[in-house]
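Structure, as structure tokens:
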Amino acid sequence: MESADEETPLIHYLRPQLLLHAARRSFPGRHILGKTVVIFISIQAVGMIALTVSAWLPLLMGSSFNSSSTHRAAVYLGLYLIAIGSGGIKPCTSALGADQFDGADPAERFFFINLGSLLSSTALVWVQDNVGWGVGFAIPMALTVFGLAVFVAGRKVYRYKKLEGSPLTRVSQVVVAAVRNHHLKLPEDSSAPHEVPSPNEANCKTAHTCQFRFFDKAAIVARSLSDEKGAASTVSPWRLCTVSQVEELKMLLRLFPVWASMVLFFAVTSQASSTFIEQGMAMDNRVGPFTVPPASLSIFHTISIIVGIPIYDAVLVPLARRVTGDDRGLSQLRRLGVGLALSVAAMAYAALVEARRLAAASAPTTSMGIVWQAPSFALVGAAEVFTTTGVLEFFYDKSPGGMKSMGTSLAHLAIAAGSYLNSAVLGGVAWATARGGAPGWIPDDLNEGIWTISSGC
Numbered sequence: 001m002e003s004a005d006e007e008t009p010l011i012h013y014l015r016p017q018l019l020l021h022a023a024r025r026s027f028p029g030r031h032i033l034g035k036t037v038v039i040f041i042s043i044q045a046v047g048m049i050a051l052t053v054s055a056w057l058p059l060l061m062g063s064s065f066n067s068s069s070t071h072r073a074a075v076y077l078g079l080y081l082i083a084i085g086s087g088g089i090k091p092c093t094s095a096l097g098a099d100q101f102d103g104a105d106p107a108e109r110f111f112f113i114n115l116g117s118l119l120s121s122t123a124l125v126w127v128q129d130n131v132g133w134g135v136g137f138a139i140p141m142a143l144t145v146f147g148l149a150v151f152v153a154g155r156k157v158y159r160y161k162k163l164e165g166s167p168l169t170r171v172s173q174v175v176v177a178a179v180r181n182h183h184l185k186l187p188e189d190s191s192a193p194h195e196v197p198s199p200n201e202a203n204c205k206t207a208h209t210c211q212f213r214f215f216d217k218a219a220i221v222a223r224s225l226s227d228e229k230g231a232a233s234t235v236s237p238w239r240l241c242t243v244s245q246v247e248e249l250k251m252l253l254r255l256f257p258v259w260a261s262m263v264l265f266f267a268v269t270s271q272a273s274s275t276f277i278e279q280g281m282a283m284d285n286r287v288g289p290f291t292v293p294p295a296s297l298s299i300f301h302t303i304s305i306i307v308g309i310p311i312y313d314a315v316l317v318p319l320a321r322r323v324t325g326d327d328r329g330l331s332q333l334r335r336l337g338v339g340l341a342l343s344v345a346a347m348a349y350a351a352l353v354e355a356r357r358l359a360a361a362s363a364p365t366t367s368m369g370i371v372w373q374a375p376s377f378a379l380v381g382a383a384e385v386f387t388t389t390g391v392l393e394f395f396y397d398k399s400p401g402g403m404k405s406m407g408t409s410l411a412h413l414a415i416a417a418g419s420y421l422n423s424a425v426l427g428g429v430a431w432a433t434a435r436g437g438a439p440g441w442i443p444d445d446l447n448e449g450i451w452t453i454s455s456g457c
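See below:
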């Protein structure tokens with residue numbers, strides 16, 4: 001079994017795409033979304049081709065192919081091209097898709113995403129294990145190329161929204177202006193900071209608040225400008241901002257505590273594609289007459305989400321509404337809290353299973369069945385029903401009017417940061433517990449590392 005150090009780059013190769021996702025959504029460019037999607041789908045298709053070729057190389061070249069470095073390079077090239085392509089596709093298709101309709105439901109999108117992943121975690125995993133990796137990679141490659149052709153065919157009927165400007169630029173202007181005006185004294189009158197009426201409804205005047213007072217200096221009109229009529233309206237926005245701009249930044253800063261807690265949550269969900277799989281590889285994967293690949297256990301994660309979303313909307317929300325009086329049933333923060341609690345339960349159960357597995361492994365004739373992992377995946381899926389769509393709604397609702405896309409990008413940034421935190425914890429635990437040349441708790445004693453993740457939540 002590979003060590004955690006070798007496993008981490010392969011398992012988490014897709015996470016940088018989410019950072020690109022978050023950054024990409026913060027900049028303008030809806031007028032070129034169609035072209036951007038075509039470019040990045042093409043990059044992803046090339047990555048799928050490289051990955052498929054890497055799987056067929058040993059078969060095509062036979063005994064003459066003995067270069068493990070060449071094979072590894074082809075695999076990594078394919079993986080990272082797919083990551084780059086996905087990073088450009090996800091933000092653009094979600095924004096372009098939303099432009100085609102009058103409204104969008106995050107829970108509905110999340111439901112159909114997981115409906116698609118149900119096929120990949122069952123049929124494709126079976127093909128890869130029983131037919132071959134070449135065929136298993138060729139199928140999604142063909143689907144990617146087909147999807148590109150369908151998208152290009154409909155490019156003339158899409159709706160494109162006019163360029164609206166970059167919210168990230170507005171935030172940066174406040175920070176730069178506040179630093180430049182750091183020597184200015186804050187006025188006692190809260191109405192004194194600079195404000196101008198905006199024709200854009202999304203950027204209408206926002207009431208001044210007293211938190212993060214340092215950034216209020218970005219809206220202070222210097223004496224040299226206040227003495228000159230009309231000068232404040234012509235000064236560079238990198239030196240003087242409006243109160244609305246300052247308050248937009250403050251609203252984003254207030255989201256940080258929730259964002260930080262979500263990083264811990266998504267570190268747990270990353271376990272479903274890392275430690276859980278490694279745990280399954282060390283268990284008896286025979287279920288009756290069938291042999292179940294460890295990666296296929298993620299079907300319980302997907303089914304839990306697919307079943308849980310309609311149950312949450314149709315059953316839990318009406319019941320909770322009677323108790324709380326909230327139209328949503330549970331408030332957004334309570335919903336996130338329930339998801340965090342379920343993630344702790346999932347990791348605690350996984351640690352108990354690992355302790356039991358180690359005890360069973362000490363007996364030469366006894367092994368623990370892989371089905372014992374099913375509740376771990378199901379609990380993580382149930383946690384995502386509450387948290388993944390909940391955090392998207394929370395950041396969307398609490399973000400400034402003109403920065404809704406940037407707010408939802410924070411949720412995707414939390415997913416990426418959570419994955420990197422998971423990698424750091426696994427690597428740190430393996431390094432800190434290795435003594436005398438031993439590999440450490442991971443992978444020899446997975447329950448210790450799993451308890452570490454559980455306690456962090």
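The sequence shown begins at 1 in UniProt numbering and counts up by one. The beta-carbon is built from N, C-alpha and C at its ideal position, and this holds for glycine as well. Values in this document were obtained by computation on a predicted structure and should not be read as measured data.
Boundaries (first-last residue) of the alpha helix (DSSP H) holding residue i
{"i": "H398", "result": "At residue 398 the sequence reads Lys, which differs from the His that was named. K398 -> alpha helix (DSSP H) spans A374 to K398."}
{"i": "H301", "result": "S298 to I311"}
{"i": "Q211", "result": "Neither: Q211 is in no alpha helix (DSSP H) and is coded neither H nor E."}
{"i": "V246", "result": "V243 to R254"}
{"i": "Q271", "result": "Looking at the DSSP string, Q271 is not in any alpha helix (DSSP H), and its letter there is neither H nor E."}
{"i": "residue 458", "result": "With the chain represented from 1 up to 457, any question about residue 458 goes unanswered, as that position is not in the structure."}
Residue i in three-state terms, based on DSSP
{"i": "V179", "result": "helix"}
{"i": "G329", "result": "coil"}
{"i": "R286", "result": "strand"}
{"i": "G418", "result": "helix"}
{"i": "G154", "result": "coil"}
{"i": "G427", "result": "helix"}
{"i": "G132", "result": "coil"}
{"i": "T291", "result": "strand"}
{"i": "Y13", "result": "Bear in mind that the predicted position of Y13 carries a pLDDT of just 48, short of 50, making it unreliable; the figure below should be weighed with that in mind. Coil, per DSSP."}
{"i": "E2", "result": "Only weak support is given to the placement of E2: the predicted model assigns it a pLDDT of 44, under 50, and the value that follows is read from those uncertain coordinates. E2 falls in the coil class under three-state DSSP."}
For residue j and residue i, the rounded distance between their alpha carbons
{"i": "V323", "j": "A382", "result": "21 Å"}
{"i": "Q245", "j": "V174", "result": "7 Å"}
{"i": "M347", "j": "L379", "result": "9 Å"}
{"i": "L253", "j": "V263", "result": "16 Å"}
{"i": "A320", "j": "V307", "result": "18 Å"}
{"i": "L426", "j": "A218", "result": "42 Å"}
{"i": "I299", "j": "L249", "result": "41 Å"}
{"i": "F276", "j": "H183", "result": "54 Å"}
{"i": "E278", "j": "P237", "result": "53 Å"}
{"i": "L342", "j": "T302", "result": "16 Å"}
{"i": "I305", "j": "R213", "result": "43 Å"}
{"i": "H31", "j": "F151", "result": "Annotation note: pLDDT 46 at H31 (below 50); position unreliable, no value reported."}
{"i": "Q373", "j": "F266", "result": "19 Å"}
{"i": "A73", "j": "W56", "result": "14 Å"}
{"i": "A272", "j": "A222", "result": "55 Å"}
{"i": "E354", "j": "A361", "result": "10 Å"}
{"i": "Y80", "j": "V315", "result": "42 Å"}
{"i": "L51", "j": "W126", "result": "18 Å"}
{"i": "F215", "j": "P140", "result": "49 Å"}
{"i": "residue 459", "j": "T387", "result": "As shown, the chain starts at 1 and ends at 457. That puts residue 459 outside it, with no answer to give."}
{"i": "I84", "j": "K185", "result": "46 Å"}
{"i": "T433", "j": "L352", "result": "20 Å"}
{"i": "G407", "j": "F395", "result": "5 Å"}
Residue j beta carbon less than 8 Å from that of residue i
{"i": "A282", "j": "R357", "result": "yes"}
{"i": "G147", "j": "D284", "result": "no"}
{"i": "G78", "j": "G47", "result": "yes"}
{"i": "I49", "j": "I89", "result": "no"}
{"i": "S54", "j": "V75", "result": "yes"}
{"i": "C241", "j": "A138", "result": "no"}
{"i": "residue 461", "j": "K398", "result": "Nothing in the structure corresponds to residue 461, since the chain is present only between 1 and 457."}
{"i": "G280", "j": "P294", "result": "yes"}
{"i": "S270", "j": "G428", "result": "no"}
{"i": "Q44", "j": "T144", "result": "yes"}
{"i": "S376", "j": "A350", "result": "yes"}
{"i": "P257", "j": "I220", "result": "no"}
{"i": "S423", "j": "L340", "result": "no"}
beta-carbon residue i near the ligand NAD non-hydrogen atom, thresh 7 Å
{"i": "E354", "result": "Judged by which ligands are present, the structure shown has none, so any question about the ligand NAD falls away."}
Proximity test, Cβ basis, 8 Å: residue i and chain D
{"i": "R213", "result": "In the structure shown, chain D cannot be found, because there is only a single protein chain."}
Task: Stretch-stretch touch, CB-based, cutoff 8 Å, three pairs: the segment 384-393 with the segment 331-340 - done: The segment 384-393 and the segment 331-340 touch, with no fewer than 3 CB-CB distances between them shorter than 8 Å.
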